[in-house]
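When we follow this note's numbering, the leftmost residue of the sequence shown carries the number 10, and every step to the right adds one.
Glycine residues also receive a C-beta, built at the ideal position from the N, C-alpha and C atoms.
From a predicted model like this one, the values you see are computed outputs, not experimental measurements.
Report on the structure given below.
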Amino acid sequence: MTTLGLLDGVPLSRTALDYRLTALRSGPRATALPQPGSSEDRQLTRWVAQVLLTEALCEAVATERDLPVGSSRPAHLDQQAAVELGSITAAAYEGSAAVRAVYEAVTAGVEPAPADVARYRGMTACPPVIRWHLALPDGELEADPATLPTVLTEALRAAPPGEWVTAGPWKAVLLEVTTPAPAPDPTSALREAARRAEFVRWLDRERARRLTLVKGLEHPGDPAQPDNHHRH
10 MTTLGLLDGV PLSRTALDYR LTALRSGPRA TALPQPGSSE DRQLTRWVAQ VLLTEALCEA
70 VATERDLPVG SSRPAHLDQQ AAVELGSITA AAYEGSAAVR AVYEAVTAGV EPAPADVARY
130 RGMTACPPVI RWHLALPDGE LEADPATLPT VLTEALRAAP PGEWVTAGPW KAVLLEVTTP
190 APAPDPTSAL REAARRAEFV RWLDRERARR LTLVKGLEHP GDPAQPDNHH RH
């Protein structure tokens with residue numbers, strides 16, 4: 010069998026699949042790959058085939074839309090992005106500049122819903138925790154003023170900055186007051202999550218509409234495998 014699949018009804022050669030599999034099996038992670046001929050190896054073959062078909066689809070879309078395709082150097086997704094895109098799409102995104110160009114075009118106008126931003130802020134909001142940096146007779150200490158003895162806290166608040174105070178058995182000077190940096194605006198992170206979700210939906214539609222994966226490609230040249238097709 011010499012056909013990997015069909016793109017808009019046009020056969021795509023299996024050569025790229027054989028080349029990609031050979032590169033994987035001779036690469037640095039070869040020992041982690043399944044044994045050739047095993048059921049896991051056939052699953053790997055199908056997985057790589059779907060990555061290649063995704064790349065071919067996006068190459069066609071990039072050409073149709075006359076999209077600028079950037080550097081061919083591989084990109085790297087963080088773990089959350091890879092999970093949200095799914096392993097096949099994530100692998101295609103990392104390895105293909107055309108996939109990245111189509112991603113940018115398809116998701117350019119995507120913004121998170123204001124309700125989602127408000128909900129996220131409500132779930133993650135917390136009051137700032139003030140920290141006092143104190144000097145004591147026997148050293149220095151950082152503490153939340155709410156955890157200090159009340160009389161000492163009140164005395165330190167009433168004293169001029171840098172002045173030693175004595176309250177009961179405690180003696181201290183307030184050197185510095187700090188508050189944590191505010192939480193980052195969630196809009197950017199939510200926008201990227203929304204873009205990834207939109208790209209997955211778009212790609213699923215385009216795969217179903219334009220791609221056909223050849224059935225039985227795990228067994229090239231095996232006459233027992235029928236040369237028919239199924240949508241994937």
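In the three-state DSSP reduction, residue 215 falls in the helix class (H, G or I). If you draw a 10 Å sphere on the C-beta of residue 222, you find 16 or more other C-beta atoms in it, and that means buried.
The shortest CA-to-CA distance from residue 219 to any of 182, 68, 32 is the one to 68. Contact between the region 64-83 and the region 30-43 is not established, with fewer than three Cβ pairs separated by less than 8 Å.
Relative to the Cα of residue 197, the nearest Cα in the group 103, 59, 117, 121 belongs to 121.
C-alpha of residue 141 to C-alpha of residue 157: approximately 10 Å in a straight line. As for any alpha helix (DSSP H) of minimum length 4 sitting wholly inside the region 98-144, the runs are 106-116, 123-133, ordered along the chain.
The residue among 181, 164, 96, 173 with its C-alpha nearest the C-alpha of residue 209 is 96. Between the C-alpha atoms of residue 62 and residue 14 there is a straight-line separation of about 7 Å. With respect to residue 179, residue 165 sits apart: the two C-beta atoms are not nearer than 7 Å.
Rounded to the nearest angstrom, the Cβ distance from residue 98 to residue 26 is 18 Å, too far for a contact under 8 Å. DSSP places residue 60 in the helix class (H, G or I) of the three-state scheme.
Here the region 99-114 lies against the region 70-90, with 3 or more beta-carbon pairs under 8 Å apart. DSSP links residue 181 through a beta bridge to 174. A contact is defined here as three or more CB-CB pairs under 8 Å, and the region 180-190 meets this definition with respect to the region 145-152.
Counting the other Cβ atoms within 10 Å of the Cβ of residue 28 gives fewer than 16, which makes it exposed.
A check of alpha carbon separations from residue 186 across 167, 117, 89, 139 identifies 139 as the nearest. The beta carbons of residue 94 and residue 205 sit about 5 Å from each other, so the pair counts as a contact at 8 Å. DSSP places residue 77 in the coil class of the three-state scheme, outside both helix and strand.
Between residue 125 and residue 199 a beta carbon distance of about 6 Å is seen, short of the 8 Å cut, so the two are scored as contacting.
CA-CA distance, residue 169 to residue 175, rounds to 13 Å.
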